[in-house]
Each structure stands twice: as C-alpha cells, then as structure tokens.
Amino acid sequence: MKKFKAAVPTVCYTVLLLAIALLSFLIAGKTELTTTSAHTPTTNKTPSPSQENTPVETVYDNVFPRQNNQGNQRIYGEGNVALLDALQTPTGNYVVLSSDCRKGDITSSGPVTAVVKLNGDNDLLCSYQLSSEETFITVRQTAIGIVLITEDADKKYHSVHIIGYDLIGESKYKIPAANTVHVVPTEKDFVLFASYPDECVAYTLRDGKLLFQSIGKYSLVELFEYEDSYVLFCNELSGGCSVLTADKSTLSVTEKQRLSGDKILFVKPTPAGILAVEQGERTYARIYSLNMKERLKEKGLGLVAVQKTYRTDAGVVLANENSDLVLIRDDLTTELIETSDNVLLNVISINGSDRLLFKDMNGNIFFENMTPFTQAEKAIVLPTPNNSLTIITEKKDKYSFIEITDIVY
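In my numbering, the protein residues as written are 203 to 611.
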C-alpha cells in the first residue's frame, strides 16, 4: 500500500503530460484545417515559382445573355471586330458588326457579319451571325423583322436576310448585285428598290417569294410616301432627273415630272414643301410644293462639288471634297460650319436640336463646341427617352472591340 501511494504522484504527472500533449496536437490540427479551408482568401499568398511569370489567357465565355456589370459593355475577341451599323427599336438596340475572331464573342473561320441584341441596360441578350462571308450593305427594321442586305465575295449577288427580332432564324433571298438599294418598310413587310446600271427594280414579298417589277431607266435617290403613292426622286440614266409617282399596291408609275437639274443630290420634306438639292453646271437648293408641281423658291450655291449630304431637323449639311461644311436650312438660308480639320461623322437630333458629331485627328469623338467624351475609330450615337445617349464605338487596344455605354447629355 505504501508503494502504491508513493507511485500516485508519478502516475498523475505522467497522465498530465499525456493530456497536455494530446490537447496541443488537437489545437494544432484544428488550426491547420482552418487555414487550409477552401473559403479562405488566397489572393495575398506569394505564388510558387511554377506560378510566377505564367501568361494569363483571356477567357471569353461566348455566352449570351451577359449582364452589363462594368458600365461599359463590350463585344470583343482576338482579332478584328468592326462596327457596321445599329438599330434602335422598341424591343431593344441591335448592333451590326463584322468579326474575324477565332476567340471571342463572335467567332468564325473568316470575316462574318453578325447582329447582337441589347436591352435598355446594355445587357447582351443574344446574337445571330450569317453563315457565309459576305459584305454588309445596309440594314432596316420592318414589320416582319430585321432586313439585312449583304453582297457575296464575287460581287455578283446581294443576299436579302430577313432575321426575326429574337435573332433565332432567318429567311434568305438572292437578287443580282445592285448599285444602290433602298429598303422601304410597309405595314406588312417591305419593298426593296434596287438601282442597276440599266434600270430600277422594285422587289416585293408574295407567298414566300421575292417578286420583281421594273420601274424604268432610273437610279433612285430618295422616296417618300404620299397618301396611297410612293414619290420617287430619281436620276435618269440618260441624263437629267425626274420625280415619279407610283401606286403603293401595284408599284406602277402613274405620273412623271422632269426637274430642271442634271442630278438630284438630296431631298427632304419640310413644313414649307420639298427641299431638293440639284446639281448641273451650278448647284441649287430649291423648295417645291408637296405635289412637286410648283417651284416655290430657289437659291444658287455656286460651283459646289458636293461629296456627301447629312440630313438634319433644320435642313441639310453639305460636305465638299475638302470636307468643308455648309448648312442649308429649310428656308434656304445658309451657314458655313467651321470644322478645324475635324471630320463630321453624323448629325444627331437630341431633344429637337441638331448636334454635329465630329472626330478629330487624334480619334477624339465630340459634339460641336463640347469637350470629347470618348476616343474611338468609329461612333454611333442613339438618343434615349430619358435624356441620355447610348454611345456605340469601335475601339482598338491589342485587338479591336465594340464598346456600348450610356452618357447623360
């Protein structure tokens, strides 16, 4: 018994040491599990030598829809992404582009034309790309969908693509390649006027077929609807210019009136009548009555070689070969616009006021008398109902991309 009592302190001491050791092991094990938890941030850890200097590959999810989380939505890829046009519709905005990217949002083995749909928050909703390499010509919104005109590689045919607004599928028709095409929306679908070297032809949809009808030996410049007729302003292939009246239902020409100029450059309806810019030995701006039977007013513009025209709410801006700009108002008063070697991109109507959109030699995009708001290769501006502007730009970094953003005007 005495020996047992003497051994108790030793046993207790040994048990105590074992308990302390076991407790230390458990604590150490618990700490290690905590620090290696998958939920612990590791962004501040020093990378191992195998991780250092490893190039990070850009990941393109190529998945739609994609939310606009950064404020500046982008359509991008490794290659060339070019901005072609944009449509503003009640169901959303549509960006028309071309891409030759092997990696990115719109991919293909060669240049391809595509349409991307965005909502009011600039979220990318869906996309549709054409199946072959074709050159973009024009695009319009119609009652049956987006009508997109392209030209094939050998320039022999135009393709008429009718794409649903949901961008799920298309109907496709082929016509001979034309010098110019005008897509005119109707209540049901559309009429396509194509000007060829020897005549102007009107195409209409009937029972799933694209039918054609000759208008005559003209090149169409502009047309407007007037009651049950189309009023077509044409340059005659033999010289001179005329106004044709064609029945909407039959497209038969019911009336023809020859104008005094050699060539029509621009036409626009105004409250006072029809504003027309005509060129012969000299260039004239003229106001005609709505039925084009009476010339109400004219103003000589001198020997102006007009290269391009820009429609405005107030009239028209003419640009010559030197990019000099002249504003002709609806009352035929004129104003010379100072450009300072800047390039006019477009004239945008914002809250009933015309704003001239310029690009300078450094690529800065700006409105007249305002500071630049972006830098880009190309820009399209879409006014919105809430006093803001949707800016769609083509930009270049390592690769080119399209950026969509909103700014408050």
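Glycine included, C-beta positions come from ideal geometry on N, C-alpha and C.
Cβ shell of Y428 (< 6 Å), same chain only, five flanking positions each side left out: A distance below 6 Å between beta-carbons, with the five flanking residues on each side excluded, links Y428 to no residue of its chain.
When C443, V469, T452, I476 are compared against S462, the one with the closest alpha-carbon: C443
For K580, the first and last residue of its enclosing beta strand (DSSP E): 580-585
Neighbourhood of K661 by C-beta distance below 7 Å, restricted to the same chain and skipping five residues each side: Residue 661 cannot be examined here, being either before or after the span of the chain that is shown, 203 to 611.
Assigned secondary structure, L453 (DSSP; H/G/I helix, E/B strand, else coil): coil
Limits of the unbroken beta strand (DSSP E) element including S175: Since the first residue of the chain shown is 203 and the last is 611, residue 175 is not available in this structure.
Same chain, Cβ closer than 6 Å to N324, five either side skipped, listed in chain order: N270, Q275, I606
Simplified DSSP state of F510, which is helix, strand or coil: This sequence places Lys at residue 510; Phe is not what is there. Strand.
Cβ-Cβ distance between T485 and V455 below 7 Å: no
Nonlocal neighbours in the same chain, by C-beta distance under 7 Å from Y490, ignoring five residues either side: Result list for Y490: G475, I476, A478, E496, R497, L498, in chain order.
Nearest-angstrom beta carbon gap, V297 and V318 [assumed within contact, 8 Å]: About 5 Å; that satisfies the 8 Å criterion.
For T352, the nearest candidate out of Y367, K450, E335 (CA to CA): E335
Reduced DSSP category for I604 - H, G, I as helix; E, B as strand; rest coil: strand
I593 (DSSP reduced to helix, strand or coil): strand
Residue nearest to A578 in terms of C-alpha spacing, selected from S602, N588, S301: S602
Per-residue burial, K597 [other beta carbons within 10 Å of its own, 16 or more giving buried]: buried
N381 to D400 span [Cα, whole Å]: 10 Å
Straight-line Cα distance separating A581 from L527: 20 Å
Cα-Cα separation between T573 and L591, rounded to whole angstroms: Their Cα atoms are separated by approximately 15 Å.
I609 versus Q415 - alpha carbon distance: Separation of I609 and Q415 (C-alpha to C-alpha, rounded to the nearest whole angstrom) is 46 Å.
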